[in-house]
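Asks: Handing you this structure, nothing more for now.
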Amino acid sequence: MTDPIAPRAQPSHERDRSALKIGILCHPTYGGSGVVASELALTLAERGHTVHLFSHDVPPRLAHASGSVVMHVAQGFPYPLFHSTPHDLAITSTILSIHRQSGLDILHAHYALPHAVSAYLARSAAIADRGRPAPRIVTTLHGTDITLVGNDPSYAPLTQFVIEQSDAVTAVSQNLARRTRENFCRVPLNPCAIEVIPNGVDTDRFHPSAGEGREPGVPTAVHVSNFRPVKRVPWLLEAFALATAGTEARLELVGAGPDQQACRARARELGLESRVEFLGERNHLPEVLAPADVFLLTSSDESFGLSALEAMSCGTPVVATDVGGVGEVVEDGVSGLLSGPDDLAGFAANLKILLFDRRRARTLGQAARRRAEEQFARVTVVQRYEDLYCRLLGHARTPCP
Ligand code: GMT
397 MTDPIAPRAQ
407 PSHERDRSAL
417 KIGILCHPTY
427 GGSGVVASEL
437 ALTLAERGHT
447 VHLFSHDVPP
457 RLAHASGSVV
467 MHVAQGFPYP
477 LFHSTPHDLA
487 ITSTILSIHR
497 QSGLDILHAH
507 YALPHAVSAY
517 LARSAAIADR
527 GRPAPRIVTT
537 LHGTDITLVG
547 NDPSYAPLTQ
557 FVIEQSDAVT
567 AVSQNLARRT
577 RENFCRVPLN
587 PCAIEVIPNG
597 VDTDRFHPSA
607 GEGREPGVPT
617 AVHVSNFRPV
627 KRVPWLLEAF
637 ALATAGTEAR
647 LELVGAGPDQ
657 QACRARAREL
667 GLESRVEFLG
677 ERNHLPEVLA
687 PADVFLLTSS
697 DESFGLSALE
707 AMSCGTPVVA
717 TDVGGVGEVV
727 EDGVSGLLSG
737 PDDLAGFAAN
747 LKILLFDRRR
757 ARTLGQAARR
767 RAEEQFARVT
777 VVQRYEDLYC
787 RLLGHARTPC
797 P
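So, in structure tokens, the structure goes:
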């Protein structure tokens, strides 16, 4: 690490002196944590940092963007003895090679397992090297890494260990921070100073104009998810059937995952085949989100709800279940309508309002867009991570020298 230099205007050829070398670890998913990590990597690279992204495949959000992020696909050697190839070890080894070659200041693990473990191992090896200063570890908790997977007895002790061993831990909502403290923090051994840094959205790309040119037509609702049971897409179909019986209203379902076949069958049983469209995984979401009248989120638990925020940024109001951190994103009655997680009738009534009362939907949609711009703009969020990295490295200014 270079020594801090006195603040002064920086000519561009000196930019490298203040840029950080950041390694980001994430799952290569269409889902939230992979998206958040990819967007963060792209923005940090735009801001002049050297950013390496480590994963066992290229995250789709990164694959479809241009930028100078250095992607490391670490898949490991598929030796027949292994039941499945240990990608996390391949990622750890790759990080170590990069650190030995050119040094890494920060390792930012997205989703505790296995990435905080890989970061911890890489940092331990770097310390043992006694060469370059070892990287600092930031772990960002996203949701089920705490609420569903990380707290399963088969993983909980390790989740707790890597939370304690991280130099900084962030959570994407107050709700997730509280649940992490309740389940994983052993005061006074580990005071668990979890900083809440919410997810951000690219408000230029997720913009209402992506829906321009669409004639007002049949009322349309949209849902985006990985079709995991926690998203309750079959429940969503029930609510849609209840809210739209006898109408032509349509439902677009974006994404793929384990419940998809069950949902197709349920849509048939409910007589919805002609009004429900399964669009599969999509790389261009604004074009689907912006023209819709309402975005639906029916999860039984959700630490944040990034897809709802992306819809809000497109000016599309949200009807959602009031679970986890959803209420920190969607303000009930302002940028969307919330109901209890088991209140099917309440959810259907809210959906009916926003599908068929276009004035109300427009008012809430405009408020949703404002909220996305004012509270969750990507650049503001990235600045907070940058500040955190600088603090960990002992520098007060951003970008830190
Ligand atoms: O936790 C998951 O289910 C995975 C994760 C992901 O990779 O999609 O989703 C979580 O992280 C997102 C990004 O921070 C949040 O927007 C989601 O709310 C959260 N999912 C849950 O809490 C179920």
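For the sequence shown, our numbering begins at 397 and goes up steadily by one.
Ideal placement from N, C-alpha and C gives every residue a C-beta, glycine not left out.
Source: prediction; values computed, not measured.
1) Less than 7 Å between the C-beta atoms of T712 and F743, yes or no?
2) Going residue by residue through the segment 653–711, where are the continuous alpha helix (DSSP H) segments of at least 4 residues, counting only ones entirely within it?
3) Going by DSSP, which residues form a beta bridge with V597?
4) For L449, report the span of its beta strand (DSSP E) as first-last.
5) Does the count of Cβ pairs from the segment 615–625 and the segment 724–739 closer than 8 Å reach three?
6) For G444 and I533, what's the separation of their Cα atoms in angstroms?
7) Compute the distance between the beta-carbons of G546 and L509, then report whether it is under 7 Å.
8) I want to check one thing, is the minimum distance from the CB of V626 to the heavy atoms of the ligand GMT below 6 Å?
9) Under 6 Å Cβ to Cβ from L523, same chain only, skipping five residues before and after it: list those, please.
10) Buried or exposed for H479, going by 16 or more other Cβ atoms inside 10 Å?
11) Compare the C-alpha of G676 against each of P456, D541, L449 and L649 and name the closest.
12) Is DSSP giving G723 helix, strand or coil here?
13) How many Å lie between G667 and V775 at the Cα?
14) Output the distance between the C-alpha atoms of M708 and L733, rounded to the nearest integer angstrom.
15) For the beta strand (DSSP E) holding R577, just list the boundary residues, first then last.
16) Helix, strand or coil for S520 per DSSP?
17) Please identify the residue among S520, R577 and G790 whose C-alpha is closest to the C-alpha of I372.
18) When you compare only the Cα positions, how much space is there between G600 and P474?
Replies: According to the structure data:
1) Taking the first residue of the sequence shown as position 1, residue 712 is located at position 316. Taking the first residue of the sequence shown as position 1, residue 743 is located at position 347. It is not a contact, given that the beta carbons lie outside the stated cut-off.
2) 656–665, 682–685 and 702–709
3) What you label residue 597 is simply residue 201 of the sequence shown in a count that begins at 1. Answer is A773.
4) One-based indexing of the sequence shown puts residue 449 at position 53. Unbroken beta strand (DSSP E) run through L449: T446 to S451.
5) no
6) Along the sequence shown, read from residue 1 onward, the residue named residue 444 stands at position 48. Along the sequence shown, read from residue 1 onward, the residue named residue 533 stands at position 137. Approximately 20 Å, taken between the alpha carbons.
7) Taking the sequence shown and counting its residues from 1, the one referred to as residue 546 is at position 150. Taking the sequence shown and counting its residues from 1, the one referred to as residue 509 is at position 113. Result yes, Cβ atoms of G546 and L509 sit closer than 7 Å.
8) If you number the sequence shown from 1, residue 626 lands on position 230. Because some heavy atom of the ligand GMT lies under 6 Å away, the Cβ of V626 counts as near it: yes.
9) Here residue 523 corresponds to residue number 127 of the sequence shown, with the count starting at 1. In the sequence on display, residue 523 carries Ile and not Leu. A530.
10) Within the sequence shown, residue 479 is the residue found at index 83, counting from 1. Counting Cβ neighbours within 10 Å, H479 comes out exposed, since fewer than 16 surround it.
11) Locating residue 676 in the sequence shown gives position 280, where the first residue counts as 1. Residue L649 is the option with its Cα nearest to G676.
12) To locate residue 723, count along the sequence shown from 1; it is residue 327. G723 falls in the helix class under three-state DSSP.
13) As a position in the sequence shown, residue 667 is number 271, starting the count at 1. As a position in the sequence shown, residue 775 is number 379, starting the count at 1. G667 and V775: Cα-Cα distance of roughly 45 Å.
14) As a working note, residue 708 is residue 312 in the sequence shown. As a working note, residue 733 is residue 337 in the sequence shown. M708 and L733: Cα-Cα distance of roughly 12 Å.
15) Translated into positions along the sequence shown, residue 577 becomes position 181. Where R577 is concerned, there is no enclosing beta strand (DSSP E), although the alpha helix (DSSP H) it sits in stretches over Q570 to F580.
16) Start at 1 with the first residue of the sequence shown, and residue 520 comes out as number 124. Of the three classes helix, strand and coil, the one that applies to S520 here is helix, per DSSP.
17) Residue numbering for the chain in the displayed model covers 397 to 797; residue 372 lies beyond these limits and cannot be assessed.
18) Position 204 of the sequence shown holds residue 600. Position 78 of the sequence shown holds residue 474. The amino acid occupying residue 600 in the given sequence is Asp; Gly does not appear at that position. For D600 and P474, the distance between alpha carbons rounds to 42 Å.
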